[in-house]
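K.L.:
According to this note's numbering, the sequence shown holds residues 28 to 441 in order. Idealized CB from N, CA, C, for every residue including glycine. What you are looking at is a predicted structure, and each value in this text was computed from that prediction instead of being measured. A single structure is presented below for examination.
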Amino acid sequence: MSDFRQQALDYHALPTPGKISIELTKPAETVRDLALAYSPGVAEPVRAIAENPDDVYRYTAKGNLVAVISNGTAILGLGNLGPAASKPVMEGKALLFKRFAGLDSIDIEVTHRTTQDFINTVASIAGTFGGINLEDIKAPECFEIEQALIERCDIPVFHDDQHGTAIVTSAGLLNALEIQGKDIATVQIVCMGAGAAAIACMELLIKCGAQREHIYMLDSKGVIHTRRSDLNEYKQLFANNTDKRTLQDVITGADVFVGVSGPDLFSAEDLSLMAPNPVVFACSNPDPEIHPDIANATRDDLIMATGRSDYPNQVNNVLCFPFIFRGALDVRASAINDEMKLAAVTAIRELAQEPVPESVLKASGVDSLSFGRQYIIPKPMDPRLCKRIARAVAEAAIASGVARIDLPKNYMAE
């Protein structure tokens with residue numbers, strides 16, 4: 028582990044600090060080039076944009092530019108370490124946007140006193156960008172921040188810790204339930220964790236057909252129920268009218284366990300209480316709520332997913348967020364709405380059921396992959412993801428009325 032730590036530090040430090048840089052897209056070698064790039068030539072697009080604000084997409088990089096913005100209050104699983112400490116993660120997010128979807132991205136770390144200060148800061152600079160990806164902002168403030176920015180900005184605002192996790196989880200879970208012969212409308216779901224990701228996951232699963240009364244959510248004090256007086260407005264949405272109080276109470280006979288909490292909080296004994304053919308998404312990272320080796324030794328009828336790349340069925344946000352923004356920006360969407368999220372769920376789910384290209388097998392280091400218990404979610408390096416998800420999202424944006432332009436005729440054709 029110490030060797031890996033040093034490798035990670037060297038990766039970020041050498042040969043140039045950081046993971047992103049700015050590159051030029053136009054020549055700047057001659058006096059003529061500079062006259063076109065800056066004074067006096069730059070005055071022409073300035074006049075054009077002043078006359079027609081939509082021309083900003085024609086003459087600047089706005090339409091392909093995403094801001095990755097954080098205050099560092101919930102960095103990975105490390106907690107509130109501040110804006111500066113969040114910068115490597117935000118640069119990493121920018122790297123992923125470029126690598127997987129060809130989107131330019133810049134990270135912005137905000138120091139602020141109040142939630143309103145953060146909202147005002149981001150809203151004030153939003154016009155620079157084609158979209159805003161919020162990241163690593165703690166709950167419950169993240170809900171207020173995202174909602175306020177959606178209302179104030181006319182570009183897509185997307186908190187990936189909430190919705191990216193929810194989209195990939197929903198796609199994988201629907202596939203797992205299909206394999207296990209279970210119906211999303213009737214299964215009992217236990218969610219360990221009540222933060223941003225947990226609440227977003229459960230809300231999207233409800234939009235996919237799960238019943239709210241069949242969901243039991245737990246926080247650090249146990250089951251969230253209607254007789255508790257310490258619940259914020261977001262947890263109250265999942266307060267069950269029940270006498271059950273412990274994990275063991277609610278996991279008995281449950282069909283699904285979703286963990287977005289912390290390591291080693293779900294034991295083999297807990298797993299043994301679940302219904303036949305259970306589905307377990309233990310997504311605490313890097314150490315899951317139950318280790319896959321323990322889970323598979325406990326139940327041979329299990330489908331399991333984690334957030335780890337070294338086990339099957341990795342729940343990884345990179346499966347969706349670059350491509351959701353790609354599709355949204357390509358039709359100049361004003362928002363990323365539920366219809367677009369559900370379109371992404373369907374696209375991911377369907378792709379996992381198709382034959383896997385040889386290039387993906389090679390990149391994954393395996394001889395074969397086929398839809399089943401060990402393969403319910405596509406691999407992040409699958410080259411079909413961008414085309415499928417971006418097109419599905421763009422078409423959903425058009426159909427739901429948030430797109431400003433139509434797609435080119437052969438957009439993302441395979």
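1) Quick one: give me the first and last residue of the alpha helix (DSSP H) that Gly199 is part of.
2) Quick check on the burial criterion: 16 or more other C-beta atoms within 10 angstroms. Buried or exposed for Phe31?
3) Rounded to a whole number of angstroms, what is the C-alpha to C-alpha distance between Glu162 and Ile96?
4) Taking only three categories from DSSP, how would you classify Tyr12?
5) Quick one: grab the DSSP three-state call for Asp314.
6) For the alpha helix (DSSP H) holding Asp320, just list the boundary residues, first then last.
7) Provide the residue(s) that pair with Asn160 in DSSP beta bridges, ordered along the chain.
8) Would DSSP call Ala355 helix, strand or coil?
9) So which of Asn340, Val306, His186, Glu78 has the shortest CA-CA distance to Leu396?
10) For a quick check, are the C-beta atoms of Asn343 and Pro435 less than 8 Å apart?
11) According to DSSP, is Gly119 part of a helix, a strand, or is it coil?
12) Tell me, please, which residues DSSP counts as bridged to Ile330.
13) Could you spell out the range, first to last residue, of the alpha helix (DSSP H) harbouring Ile375?
14) Can you tell me which of Phe308, Ile194, Ala362 puts its alpha carbon nearest to the alpha carbon of Pro290?
15) Are Ile317 and Arg400 closer than 8 Å when you measure CB to CB?
16) Who are the near neighbours of Gly220 in its chain, counting only those whose CB is closer than 7 Å to its CB and skipping five residues on each side?
17) Could you check the C-alpha separation between Thr43 and Ile226 for me, to the nearest Å?
18) Look at the alpha carbon of Ser114 and the alpha carbon of Ile159, and state the distance between them as a whole number of angstroms.
19) In this structure, what does DSSP give as the bridge partners for Gly286?
20) What number of angstroms, rounded off, separates the C-alpha of Ala370 from the C-alpha of Leu63?
21) For the alpha helix (DSSP H) that Ile278 lies in, which residues bound it at each end?
22) For the alpha helix (DSSP H) that contains Ile152, what are its first and last residues?
23) Taking just the CA atoms, how far does Leu123 sit from Lys53?
24) Among the candidates Ala237, Asp270, Gly222, Ile233, whose CA atom is the shortest distance from the CA of Asn259?
P.N.:
A quick look at the data gives this:
1) 187-207 is the extent of the alpha helix (DSSP H) around Gly199.
2) With fewer than 16 Cβ atoms within 10 Å of its Cβ, Phe31 is classed as exposed.
3) Computed Cα separation, rounded: 6 Å.
4) Residue 12 cannot be examined here, being either before or after the span of the chain that is shown, 28 to 441.
5) DSSP places Asp314 outside both helix and strand once states are collapsed to three, so it counts as coil.
6) Taken as a continuous stretch (DSSP letters only), the alpha helix (DSSP H) holding Asp320 covers 319-325.
7) Paired residues: Val95, Phe185.
8) Of the three classes helix, strand and coil, the one that applies to Ala355 here is helix, per DSSP.
9) Nearest in C-alpha terms to Leu396, of all of Asn340, Val306, His186, Glu78, is Asn340.
10) No, these two residues do not count as a Cβ contact at 8 Å.
11) Of the three classes helix, strand and coil, the one that applies to Gly119 here is helix, per DSSP.
12) DSSP lists Val306 as partners of Ile330.
13) For Ile375, the enclosing alpha helix (DSSP H) covers residues 365-379.
14) Relative to the Cα of Pro290, the nearest Cα in the group Phe308, Ile194, Ala362 belongs to Phe308.
15) No, the Cβ-Cβ distance between Ile317 and Arg400 is not below 8 Å.
16) Here the set comprises Gly286, Val287, Ser288.
17) Each residue's Cα considered, the two are about 39 Å apart.
18) The residue you asked about is not Ser; residue 114 is Lys in the sequence shown. Cα-Cα distance, rounded: 16 Å.
19) Answer is Met219, Ala309, bridged to Gly286.
20) Put simply, the backbone Cα of Ala370 is about 42 Å away from that of Leu63.
21) Bounds of the alpha helix (DSSP H) holding Ile278 are 274-278.
22) Counting along the chain, the alpha helix (DSSP H) containing Ile152 begins and ends at 142-152.
23) When rounded, the distance between both Cα atoms is 24 Å.
24) Answer by Cα proximity: Gly222.
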